[in-house]
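Take a look at the structure set out below.
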Amino acid sequence: MISRDDFSLLIERTGLKLDDAQFEAARTSYANLRVLTDLVRTPCDRRVESPHLFRVHGPTISKPCATDDGGSSNEV
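Count the sequence shown with the working numbering and you get residues 1 to 76, in order.
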């Protein structure tokens, strides 16, 4: 667990005003958060988790019509 002094410095940086109970609750939670953030930072092989596919089931939306706004012109 992080020392009281080190955690106190982190809390001072944030500008939070915590009483003793809030400080200890945050300090205890900080250890769990560090474990989670370390997991997120660990590179994983792409095969660890399958890709997510999102399919929208509903009415088909027609393609937009071409306009004459000149935004897609290749002319110089």
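Idealized CB from N, CA, C, for every residue including glycine. Quick caveat, the model's predicted, so the values are computed rather than measured.
Query raised in the report: Can you name the start and end residues of the alpha helix (DSSP H) that asparagine 8 belongs to?
Result: Asparagine is not the amino acid found at residue 8; the sequence shown has serine there. Unbroken alpha helix (DSSP H) run through serine 8: 4 to 14.
Query raised in the report: Less than 7 Å separating the beta-carbons of tyrosine 30 and isoleucine 2?
Result: yes
Query raised in the report: Is threonine 37 helix, strand or coil by DSSP?
Result: helix
Query - arginine 27, buried or exposed, once every other Cβ within 10 Å from all chains shown has been counted against 16 - result: buried
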